[in-house]
Amino acid sequence: MILRRLVVGEYQTNCYILGSEETKSAWIIDPGTDGELIIDELTSLGLTARSALLTHTHYDHIAALTRLKEHYPDMEVLLGKEDAKGLDYEVIKATILDRRFFTIHEEALKHLPKPNDYLIDGQYLEDSLLSVIATPGHTPGGRSYYHREGRFIFTGDTLFARAIGRTDLPGGDYPTLIKSCYRILELEDDVRILPGHGPTTTVGDERRKNPYL
Ligand SMILES: [Zn+2]
1379 MILRRLVVGE
1389 YQTNCYILGS
1399 EETKSAWIID
1409 PGTDGELIID
1419 ELTSLGLTAR
1429 SALLTHTHYD
1439 HIAALTRLKE
1449 HYPDMEVLLG
1459 KEDAKGLDYE
1469 VIKATILDRR
1479 FFTIHEEALK
1489 HLPKPNDYLI
1499 DGQYLEDSLL
1509 SVIATPGHTP
1519 GGRSYYHREG
1529 RFIFTGDTLF
1539 ARAIGRTDLP
1549 GGDYPTLIKS
1559 CYRILELEDD
1569 VRILPGHGPT
1579 TTVGDERRKN
1589 PYL
């Protein structure tokens, strides 16, 4: 198993590559904004992007989808259904707060790929060994992806090291987010948390030290 973190773009978004040496395929968890960087990394690892798994569809996590889909036409785009409208250019255009980001990435945001499928709570993605955990609150369709064998979970912008996701953006809901965070904290102490921004932490550390929980 290959696991890499790339920190990309204006918001220092974490993009993760989960690859398999056997199948030479990779799952991209939140592409972020820099498709070229991901393509270079995958190429140097000898991997092809099989699926993009989105924790949610905020623009700083998805803009690179367009470049990736162009380079890997067979790549699937998978996410929580309630977040699908976040891939719609007109919706992004109407709601985006950061006009500068919008200007820089407008072409990419205009041509975002359509979702291939929606992921539901409890679903097991056999090829990647990831289980889907619905973690709404930061966005309505938030998803986390848990790798039991590898002892890690991708939490997107739901749970960070010593912080939690913001809920003041459209569709955000504070009580729902808190519930989702506690669901993640039900995992064992040693499980590594790989968040959408900032450093890696563990379930045990967050259960003891996160000031918001
Ligand atoms: Zn976000």
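My numbering numbers the first residue of the sequence shown as 1379 and each following residue consecutively. Backbone N, C-alpha and C fix where the C-beta goes; we use that ideal spot for every residue, glycine too. No experiment lies behind these values; they were computed from the predicted model shown.
- For the region 1534-1576, the full-length beta strand (DSSP E) segments reaching 3 residues or more read 1570-1573 along the chain.
- Given a length threshold of 3 residues, each whole run of the beta strand (DSSP E) inside the region 1381-1464 is given here in chain order: 1391-1397, 1403-1407, 1426-1431 and 1454-1457.
- Counting along the chain, H1483 sits inside the alpha helix (DSSP H) bounded by residues R1477 to K1488.
- Residues whose Cβ lies closer than 5 Å to any heavy atom of ligand 1, listed in chain order: H1436 and D1535.
- Relative to H1449, the option among L1456, L1465 and A1430 whose CA is nearest is A1430.
- In the DSSP assignment, Y1523 falls within the beta strand (DSSP E) that extends over R1521 to H1525.
- Going by DSSP, I1470 is part of the alpha helix (DSSP H) stretching over Y1467 to T1473.
- If you draw a straight line from the Cα of D1466 to the Cα of D1452, it is about 20 Å long.
- In this structure, L1443 lies near L1490, with their beta-carbon atoms less than 8 Å apart.
- One alpha carbon belongs to K1471, the other to H1434, and they sit about 17 Å apart.
- Taking the Cα of G1387 as reference, the smallest distance to any Cα among E1414, D1583, G1550 and F1538 is reached at E1414.
- Taking the Cβ atoms as the reference, A1539 lies roughly 5 Å from P1577, within the contact range of under 8 Å.
- Ranked by Cα distance from L1555, the options E1564, L1563 and T1545 are led by T1545.
- For S1509, the enclosing beta strand (DSSP E) has its first and last residue at L1508 to A1512.
- At the C-beta level, L1457 and I1406 stay beyond 8 Å of one another.
- Measuring C-alpha to C-alpha distances from E1564 to each of R1586, G1574 and L1425 identifies R1586 as the nearest.
- Close CB contacts of P1514 within its chain, under the 8 Å cut and outside five residues either way in sequence, are with G1458, E1460, G1520, D1551, T1554, L1555 and S1558 (chain order).
- Residue pairing by DSSP places L1497 in no beta bridge whatsoever.
- At a Cβ-Cβ threshold of 8 Å, Y1394 and L1507 do not count as neighbours.
- When only Cα atoms are considered, A1404 and N1494 end up about 16 Å apart.
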